[in-house]
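Under full-length UniProt numbering, read the sequence shown as residues 1 to 337, first letter to last.
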Amino acid sequence: MTNALSRLLETRDWLMADGATGTNLFNMGLSSGDAPELWNIEHPDRIRKLYKSAVDAGSDIFLTNSFGGNASRLKLHDAADRARELSRISAELGRDVADASGRTVVVAGSVGPTGEIFAPMGPLTHEVAVEIFHEQAEGLKEGGADVLWLETISAPEEYRAAAEAFALAGMPWCGTMSFDTAGRTMMGVTSADMVDMVEALPNPPIAFGANCGVGASDLLRTVLGFAAQGTERPIIAKGNAGIPKYHDGHIHYDGTPELMAEYAVMARDCGATIIGGCCGTMPDHLAKMHEALSTRPRGPRPTLDEIAEKLGGFSSAADGTGEDDGPKRQRRGRRRG
1 MTNALSRLLE
11 TRDWLMADGA
21 TGTNLFNMGL
31 SSGDAPELWN
41 IEHPDRIRKL
51 YKSAVDAGSD
61 IFLTNSFGGN
71 ASRLKLHDAA
81 DRARELSRIS
91 AELGRDVADA
101 SGRTVVVAGS
111 VGPTGEIFAP
121 MGPLTHEVAV
131 EIFHEQAEGL
141 KEGGADVLWL
151 ETISAPEEYR
161 AAAEAFALAG
171 MPWCGTMSFD
181 TAGRTMMGVT
191 SADMVDMVEA
201 LPNPPIAFGA
211 NCGVGASDLL
221 RTVLGFAAQG
231 TERPIIAKGN
241 AGIPKYHDGH
251 IHYDGTPELM
261 AEYAVMARDC
271 GATIIGGCCG
281 TMPDHLAKMH
291 EALSTRPRGP
301 RPTLDEIAEK
311 LGGFSSAADG
321 TGEDDGPKRQ
331 RRGRRRG
């Protein structure tokens, strides 16, 4: 399928995605507990500013303000019937910014998890999940998104349901999972498991990978796990800007722009093609990441020791893959940043 992202991937050996949505919107005045997606209507100027800040920092891809824009999540804000509308508007605002940029910038329609547990442990069935994701996908498609971007998924069942829904919408897509528990997702998926799942899908993503999780070091260990499987599909790395810390009533991430620049180059050298940030990643982080990716030559694949030395130690001894449950590297010393 020919699309803007595929065309960029044919001509570039790395692409930069955007940074945080929530962190940036909180800095613009979003209150904890509020639905960011409602700002697509209430404060469209701020959403355009969010998108433009990523483009101005050099991002080739930015995600729409629609992460929680599915009916299951929006029902918490009495807005379940507005899922398609809010997703459409998030993409329309993005289309305006991308088209005014003067270069090819991919509008990626963000699709987050439903927040429900799948049967038999929970109430969500495959059929209902597909319906929820399909509704949102159609809204993002109507708004002009180039691709759909599934992110922060923990359950393989949810990933598969979204893939089916995106096929119904006839849209290309990318999809990341969040590895935050000893190198596994909350539902126990390892990096090797994810590669097997992705390659077995009837409607596989253009690119796949990891986002959010614990910190940059852990995320790069997961990227190495993807690459070790020999996949030829582009890998996505979208790590948090350091570790969250509570200070003066707010959550702050301790990763500096310089640390995120190191992370970006190491992500590329680990095997990632699409590199961005997640929680805590601001425009100044993105600018440093873009500068580093543009000016520093590609190097050899870093070892776990080299990752720990530059970005800080790992949060767990193993990542759930390989012999003896994967490479052993304990957290050591103080995380820099």
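We put the CB at the ideal spot given by N, CA and C, even for glycine.
No experiment lies behind these values; they were computed from the predicted model shown.
For residue i, does the count of other Cβ atoms within 10 angstroms reach 16, so buried, or fall short, so exposed?
i: E258; result: exposed
i: T222; result: buried
i: L124; result: buried
i: M186; result: exposed
i: P302; result: buried
i: K288; result: buried
i: L74; result: buried
i: S66; result: buried
i: Y246; result: exposed
i: E138; result: buried
i: S31; result: exposed
i: E127; result: exposed
i: A83; result: buried
i: S316; result: buried
i: R103; result: exposed
i: G170; result: exposed
i: A200; result: exposed
i: D56; result: exposed
Consult DSSP for residue i and reduce its assignment to one of helix, strand or coil.
i: I243; result: coil
i: T295; result: helix
i: F62; result: strand
i: H290; result: helix
i: M1; result: For M1, the predicted model reports a pLDDT of 44, less than 50, meaning its position is unreliable and no value from the coordinates is stated.
i: E37; result: helix
i: R88; result: helix
i: P202; result: coil
i: M260; result: helix
i: D325; result: Confidence is the limiting factor: at D325 the pLDDT is only 44, short of 50, which leaves the residue's position unreliable and the question unanswerable from this model.
i: H252; result: strand
i: T222; result: helix
i: T176; result: strand
i: A98; result: helix
i: G143; result: helix
i: M194; result: helix
i: E232; result: coil
i: I117; result: coil
i: G22; result: helix
i: T11; result: helix
i: R334; result: Note that R334 has pLDDT 28, beneath the 50 cutoff, so the model's placement of it is unreliable and no number is given.
i: N211; result: strand
i: A83; result: helix
i: R184; result: strand
i: M266; result: helix
i: S315; result: coil
Below 8 Å on the Cβ atoms is my guess for residue i versus residue j; work out the distance and round it to an integer in Å.
i: N211; j: E151; result: 5 Å
i: F314; j: S217; result: 5 Å
i: N3; j: P172; result: 5 Å
i: M121; j: Y159; result: At roughly 16 Å, the Cβ-Cβ gap does not stay under 8 Å, so M121 and Y159 are not in contact.
i: H285; j: G58; result: The Cβ separation is near 11 Å, so there is no contact.
i: G230; j: G255; result: With 8 Å as the limit, G230 and G255 do not qualify as a contact, their Cβ atoms being about 30 Å apart.
i: D18; j: A54; result: 4 Å
i: Y253; j: A241; result: 4 Å
Just to check, is the beta-carbon of residue i closer than 7 Å to a non-hydrogen atom of the ligand FAD?
i: E258; result: In the structure shown, the ligand FAD is absent, as is every other ligand, since no ligand is present at all.
Within this structure, are the beta carbons of residue i and residue j separated by less than 8 Å?
i: residue 388; j: F208; result: Absent from the structure is residue 388, since the part of the chain shown begins at 1 and ends at 337.
i: A108; j: I61; result: yes
i: L15; j: T181; result: no
i: T21; j: L63; result: yes
i: I275; j: A264; result: yes
i: A227; j: G271; result: yes
i: G183; j: D96; result: no
i: M239; j: G277; result: Looking at the sequence itself, residue 239 is Gly, so the reference to Met does not match. It is a contact, given that the beta carbons lie within the stated cut-off.
i: E37; j: S90; result: yes
i: L76; j: N40; result: no
i: L50; j: V147; result: no
i: S191; j: G213; result: no
i: E92; j: G33; result: no
i: L9; j: P234; result: yes
i: A267; j: L220; result: yes
i: Q215; j: G312; result: First, the amino acid is wrong: residue 215 is Gly here, not Gln. Against a cut-off of 8 Å, the Cβ pair of G312 and G215 comes out as a contact.
i: A88; j: L140; result: Looking at the sequence provided, one finds Arg at residue 88 rather than Ala. Yes, the pair counts as a contact, with Cβ atoms nearer than the cut-off.
- Cβ contact check for the stretch 154-166 and the stretch 130-145: 3 or more pairs under 8 Å: With the cut-off at 8 Å, the stretch 154-166 and the stretch 130-145 touch.
- Query: How about the stretch 66-82 and the stretch 100-116: do they share at least three Cβ pairs that are nearer than 8 Å?
  - Reply: yes
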